[in-house]
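If you use the working numbering, the sequence shown corresponds to residues 1 to 184, in order.
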Amino acid sequence: MIVRLIAFLMLCWILGFAWFSIMLPQPLDTALQSSDNIRKTDAIVVLTGEGGRIEHGLEILQQDGAQTMLITGVDRQVKRDELAAQYPDQAEAFECCIDLGFAAVDTRTNALETARWVAKGEFETVRLITSNWHMRRAAFEMERALPQGVVTYRDAVAVNVSLKALFLEYNKYLLRLAGALSGI
């Protein structure tokens with residue numbers, strides 16, 4: 001009996017991992033030829049990490065997909081002008097429309113930092129930008145932390161990820177789900 005239960009749980013874990021790995025979240029807007037193709041939101045939230053995330057957020061901002069953007073999880077040693085210098089054609093956006101969040105150190109605190117920013121700005125819709133392999137857990141944390149009624153649109157940046165990274169992220173996701181179910 002116990003062996004069957006363990007075998008069943010292992011089978012569920014393996015099938016879940018296969019689903020998690022094969023069905024990675026996709027970009028929100030597949031065609032960015034004009035601003036008419038972009039789902040507009042009140043704000044954009046970019047979680048720091050792999051390359052392509054900030055660039056994608058800036059592209060959406062530039063195409064009037066939102067009026068403002070938060071980059072959460074920025075290292076405390078990074079200065080606004082240093083970050084802006086990496087994107088010289090976006091200097092105006094860094095002056096008027098981009099906030100940097102320095103409080104977050106992980107996905108959960110990214111969500112908490114974002115929730116404070118969203119509440120302060122009274123935003124109703126948010127575009128969440130992170131890597132495709134990280135999107136499920138990030139969206140889970142965001143939806144738990146954001147004020148009630150805020151709609152989150154998931155916009156995954158496609159990146160190549162190793163099997164090891166997928167394995168770790170899948171297990172983090174499962175642990176976070178289990179923690180939430182148990183009230184942690």
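Each residue gets a CB set at the ideal place from its N, CA and C atoms; glycine is no exception.
Closest to I184 by C-alpha separation, out of D99, R4, A156, R108, would be which residue?
The residue you call residue 184 lines up with position 184 of the sequence shown. Relative to the Cα of I184, the nearest Cα in the group D99, R4, A156, R108 belongs to R108.
Starting from the N-terminal side, write out each stretch of the alpha helix (DSSP H) that is 4 residues or longer and does not extend beyond the stretch 78-112.
As far as the stretch 78-112 is concerned, its whole alpha helix (DSSP H) runs of at least 4 residues are 80-85, 91-96.
State the DSSP-derived secondary structure class of R53, mapped to helix, strand or coil.
In the sequence shown, the residue the question calls residue 53 occupies position 53. In the structure shown, R53 sits in a helix (DSSP, three-state: H, G or I).
CB-CB under 7 Å to A91, same chain, minus the five flanking residues each way: which ones, in chain order?
Numbered from its first residue, the sequence shown carries residue 91 at position 91. A84.
So what's R76 in DSSP terms, helix, strand or just coil?
Against the sequence shown, residue 76 aligns to sequence position 76. Taken through DSSP and simplified to helix, strand or coil, R76 comes out as coil.
In terms of residues, what are the limits of the alpha helix (DSSP H) holding L166?
For the purposes of this step, residue 166 is identified with residue 166 of the sequence shown, where counting begins at 1. Taken as a continuous stretch (DSSP letters only), the alpha helix (DSSP H) holding L166 covers 163-181.
T72 and G52 closer than 7 Å at C-beta
Here residue 72 refers to the residue found at position 72 when the sequence shown is read from its first residue. Here residue 52 refers to the residue found at position 52 when the sequence shown is read from its first residue. No, these two residues do not count as a Cβ contact at 7 Å.
Touch test, the stretch 57-73 against the stretch 134-152, Cβ-Cβ under 8 Å, three pairs minimum:
When Cβ pairs closer than 8 Å are counted between the two stretches, the stretch 57-73 is seen not to touch the stretch 134-152, the count staying below three.
On the DSSP bridge list, what partners appear for R127?
Start at 1 with the first residue of the sequence shown, and residue 127 comes out as number 127. DSSP, once it has assigned bridges, lists I44, Y153 as partnering R127.
Tell me, please, which residues DSSP counts as bridged to T114.
By 1-based counting over the sequence shown, the position of residue 114 is 114. Answer is none; T114 lacks a bridge partner.
Leaving out the 5 sequence neighbours to the left and right, which residues in its chain are closer than 7 Å to A7 when beta-carbon positions are compared?
Translated into the one-based positions of the sequence shown, residue 7 becomes position 7. So the list is empty, once near-sequence residues are dropped.
For a quick check, are the C-beta atoms of T48 and R127 less than 7 Å apart?
The residue labelled residue 48 in the question sits at position 48 within the sequence shown. The residue labelled residue 127 in the question sits at position 127 within the sequence shown. The criterion of a C-beta distance shorter than 7 Å is not satisfied by T48 and R127.
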